[in-house]
Every structure is written in C-alpha cells, then in structure tokens.
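> Just dropping this structure here.
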Amino acid sequence: MFKSLSYQKKIFLSLSVSLFIVLSLINMYFYFRMESIIESNVAQNKQQTTLKLQEQVDRVLNEMDKLSISINASDKIMNVLRDIPDDPSDNYFDENSELSRDIRNTLLSFTSLQPLKGRISIISLYGDYLGVSNKMDSRNVDKTHIRQMPEVRQYFTMKAYKLFLPPHPDEWSETGDTVFSIVRPLRDNYLVWLGRG
C-alpha cells in the first residue's frame, strides 16, 4: 500500500499517525489524572460531609444531654416525681391536669432559647407518663402498657447515668418515626430513683 504513495504522503501519514498516538497518550494521561483528582476531591468532600454530620449529631446529643441534666436538676420536677403515689390504674399526670400543665411549661422553659425539635418524655417510677412534643402525633399510652414495656423495665434498673439509644422507632408517637434518644434516670442527690427522662 505504501509503495504506491509518494514519499511526501508517506511522511505525512507517518507523522499524522505518530501525532495521533502522541495526542491520544497525552489525552489518556490527562483523563486518568483528572479522574484521580476528581475521585480524590469526592473522597475529601465525603469525609468533610461525614465530619460535619458527626459534629451536628454530637451537638444535638450534647444539647439533649444538657436538657436531661436540667430536667434532673429541676426541684419542681423532682419534687413532683417524689410525691407520685403508687396507684396501679390512673396516670398521675392525667389526673392532675394543672400540675401536668405546670410541668410541661417547666419543660418547655428549658428549651426557650431553641425550639423543641423532638420529644421529652418523663416516666415516673410507677409508670406515670408525661410527654412534651412539637409534633401532633403523640400516642395515648396507659400506665399498664408502660409498666409492661421490657425496655422501660430495663431502664428502671440501669446503673448508668445516661444511655444513648441508636436510631429506633419513636414508641410515643402514632407514626413511629425513627429517632435517637437519651435515657437518663432521674435521681435525687441521694441517688434515689424517681423516674426516667
């Protein structure tokens, strides 16, 4: 094939093929180089996003923990929990609506700087339940049901000062949205168990 072509055409074709090969190699080099740079940037962005999410989750958990400490430090709430009688049938907070409203206002005052973004639940030692939430999906639970919940019985006997629960269905809502929680036994200064917050 090359014998029928003139010498100039042979040189032109040879140089064209050589140039095409060189340009293709340079193109492939830059393609793989850019691909590695983009992959590196994506990995760095994922790492930064993960760190930011971790910081946000840590901040939320820290706020929840401070809120539970404030609840435990409230003399008003602790005195109410201390005075709840062991009545097997009626929820103390349902029977004493004015006291419940006062406790709810106290709980909401702890969140006055930042709106409540979840649910605060207090369970007395005898299974009396009071909940505060910014959602309108609270479920009505009776005292007998609360006393029979295995996780509540477990929380009553725990020795730790707090327990972080990983994402789980919200047992106090109708929708059962996935939430994460802090469980803190409410104890007085003598470590007498008064309830769960």
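When you read off a place in the sequence shown, starting at 1, and then add 56, the result is the number in the working numbering.
Every residue gets a Cβ at the ideal spot worked out from N, C-alpha and C, and that includes glycine.
1) So, for I238: in the same chain, excluding its five sequence neighbours on each side, which residues have a beta-carbon less than 8 Å away from its beta-carbon?
2) Going by the beta-carbon positions, is the gap between K191 and R203 smaller than 9 Å?
3) Using DSSP's beta-bridge definition, name the partner residues of F220.
4) Using the Cβ count rule (16 or more neighbours within 10 Å means buried), how would you classify F88?
5) Using 8 Å as the threshold, is the region 98-116 in touch with the region 156-171, meaning 3 or more CB pairs across them?
6) Considering Cα atoms alone, identify which of K132, S80, V78 and E111 is closest to D244.
7) If you reduce the DSSP assignment to three classes, tell me which class P225 lands in.
8) In terms of residue numbering, what span does the alpha helix (DSSP H) encompassing L207 cover?
9) Give the straight-line distance between the Cα atoms of S168 and S126, rounded to the nearest whole angstrom.
10) Can you give the beta carbon distance from V208 to P223, rounded, assuming they're within the 8 Å contact cut?
11) Using the C-alpha atoms, what's the distance from E111 back to Q103?
12) V197 and L172: beta carbons closer than 9 Å?
13) Straight-line CA distance for Q64 to Y85?
14) Which residues mark the beginning and the end of the alpha helix (DSSP H) in which S80 is found?
15) If we ignore side chains and look at the alpha-carbon of each, how far apart do L71 and E91 end up?
16) How long is the line joining the alpha carbons of T213 and E154, rounded to whole angstroms?
According to the data block:
1) L117, M120, D121, S124, K218, L219, F220 and L221
2) no
3) I238
4) exposed
5) no
6) K132
7) strand
8) In the sequence under discussion, the amino acid at residue 207 is Glu, which differs from the Leu named in the question. Segment P206 to T213, the alpha helix (DSSP H) holding E207.
9) 13 Å
10) Between P223 and V208 the Cβ distance is about 19 Å, and since that is not below 8 Å, they are no contact.
11) 12 Å
12) no
13) 31 Å
14) Y63 to A129
15) 29 Å
16) 30 Å
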